[in-house]
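Colleague: Can you read through this structure? Questions will come right after.
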Amino acid sequence: EHNISSTASERLSEVSRNISFVKKSPIAHLSWITAKFCSDYLPAPLVKYLMRNANANAAFVLSNVRGNTKKVHWNGHTVENAIGFLPLPPGIPVGIVVQSYAGQLSISISADKKAVPDADLFLKWMLDEYFRLSVEAAALSTSDAKCL
Numbered sequence: 003e004h005n006i007s008s009t010a011s012e013r014l015s016e017v018s019r020n021i022s023f024v025k026k027s028p029i030a031h032l033s034w035i036t037a038k039f040c041s042d043y044l045p046a047p048l049v050k051y052l053m054r055n056a057n058a059n060a061a062f063v064l065s066n067v068r069g070n071t072k073k074v075h076w077n078g079h080t081v082e083n084a085i086g087f088l089p090l091p092p093g094i095p096v097g098i099v100v101q102s103y104a105g106q107l108s109i110s111i112s113a114d115k116k117a118v119p120d121a122d123l124f125l126k127w128m129l130d131e132y133f134r135l136s137v138e139a140a141a142l143s144t145s146d147a148k149c150l
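Here it is in structure tokens:
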């Protein structure tokens, strides 16, 4: 049974708890090795079929990338912005990249139209949740400062 948490920070904590096991286990590494083996040695149609079925229960892929806190330079030029992009693997309907670079946060979303028929509404939901997290973090920060 799933209970919807009442605050954004509780929802974030619940997600963190749910994926903690996978992040601390060898599952991701074993999946990568298996996918690499399949893509190197099996015919492409079979690999696509296997990936689609292996990912059949996944709702989305989320990648969070902490970038450099200061702007970097490449061939003498300042890299003003960096944007991550997640091409959708077979069987995955939504891909989200949350990344930071030079003090800025960016979000990139790739989605199958069947999974996200209204992209504007989906983005609004994401931004609403981010705003709620920001408000809760600011309130927590203020209450912590008062305790000192």
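In our numbering, the protein residues as written are 3 to 150.
From the three backbone atoms N, C-alpha and C, an ideal C-beta is built for every residue, glycine too.
I'd like the span of the alpha helix (DSSP H) that includes Leu52, first residue to last.
Modeller: The count along the sequence shown starts at 1 and reaches residue 52 at position 50. Run containing Leu52: 46-56, per the alpha helix (DSSP H) assignment.
Colleague: Report buried or exposed for Tyr103, applying the criterion of at least 16 other Cβ atoms within 10 angstroms of its Cβ.
Modeller: For this step, residue 103 is matched to residue 101 along the sequence shown. Counting Cβ neighbours within 10 Å, Tyr103 comes out buried, since at least 16 surround it.
Colleague: Kindly indicate which three-state DSSP category Ser30 falls into: helix, strand or coil?
Modeller: Walking along the sequence shown from the start, residue 30 turns up at place 28. Before going on, a small fix: residue 30 reads as Ala here, not Ser. DSSP places Ala30 in helix when its eight states are reduced to three.
Colleague: I'd like to know whether the C-beta atoms of Ser143 and Val99 end up nearer to each other than 7 Å.
Modeller: To locate residue 143, count along the sequence shown from 1; it is residue 141. To locate residue 99, count along the sequence shown from 1; it is residue 97. No; because the gap between Cβ atoms is not below 7 Å, this pair is not in contact.
Colleague: Tell me where the beta strand (DSSP E) around Ile109 begins and ends.
Modeller: Translated into the one-based positions of the sequence shown, residue 109 becomes position 107. Segment 106-113, the beta strand (DSSP E) holding Ile109.
Colleague: Could you tell me whether the Cβ atoms of Leu88 and Gly97 are closer together than 7 Å?
Modeller: For the purposes of this step, residue 88 is identified with residue 86 of the sequence shown, where counting begins at 1. For the purposes of this step, residue 97 is identified with residue 95 of the sequence shown, where counting begins at 1. Yes. Within cutoff.
Colleague: Between the Cα of Gly86 and the Cα atoms of Pro95, Ile94, Ser112, which residue gives the shortest distance?
Modeller: Reading the sequence shown from its first residue, position 84 is the one you call residue 86. For Gly86, the nearest C-alpha among the options comes from Ser112.
Colleague: Do you know offhand how far Ser136's Cα is from Asn55's?
Modeller: As a first step, residue 136 is located in the sequence shown; it is residue number 134 there, counting from the start. As a first step, residue 55 is located in the sequence shown; it is residue number 53 there, counting from the start. The alpha-carbon atoms of Ser136 and Asn55 are separated by roughly 37 Å.
Colleague: Just the C-alpha distance for Ser8 and Ala121, rounded to the nearest angstrom, thanks.
Modeller: The residue labelled residue 8 in the question sits at position 6 within the sequence shown. The residue labelled residue 121 in the question sits at position 119 within the sequence shown. Cα to Cα, Ser8 sits roughly 25 Å from Ala121.
Colleague: Looking at Pro92 and Met53, is the spacing between their C-beta atoms short of 7 Å?
Modeller: Indexing the sequence shown from 1 puts residue 53 at position 51. Indexing the sequence shown from 1 puts residue 92 at position 90. A contact, by the Cβ cut-off of 7 Å.
Colleague: With respect to 6 Å, is the separation between the Cβ of Ser110 and the closest non-hydrogen atom of the ligand MN below this value?
Modeller: The ligand MN is absent from the structure shown, which contains no ligands of any kind.
Colleague: Whole-angstrom Cβ separation of Ile94 and Phe124, contact assumed at under 8 Å?
Modeller: Your numbering for residue 94 matches position 92 in the sequence shown. Your numbering for residue 124 matches position 122 in the sequence shown. Going by Cβ atoms, the distance from Ile94 to Phe124 rounds to 15 Å, so no, they are not a contact pair.
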